[in-house]
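Notes for the one structure printed next.
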Amino acid sequence: MHLKTSLKLSQQLRMTPQLQQAIKLLQLSRLELE
3 MHLKTSLKLS QQLRMTPQLQ QAIKLLQLSR LELE
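Every position in the sequence shown, counted from 1, becomes a number in the working numbering once 2 is added.
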């Protein structure tokens, strides 16, 4: 769910550098949690 949400946000905001970094951090934290 979180991944799909971040993808939707990224499409809406046109993937700004800061957003790319935030998504990478979210993906890393998800991997650590799993």
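Ideal Cβ positions, reconstructed from N, Cα and C, are used throughout, including at glycine.
Go ahead and pull the three-state DSSP assignment for Glu34. In the three-state scheme derived from DSSP, where H, G and I count as helix and E and B as strand, Glu34 is classed as helix.
Ile25 to Glu34 span [Cα, whole Å]: Rounded to whole angstroms, Ile25 and Glu34 show a C-alpha spacing of 14 Å.
Tell me which residues share the same chain as Lys6 and place their Cβ nearer than 7 Å to its Cβ, disregarding the 5 neighbours each side in the sequence. none
Quick check on DSSP: helix, strand or coil for Thr7? helix
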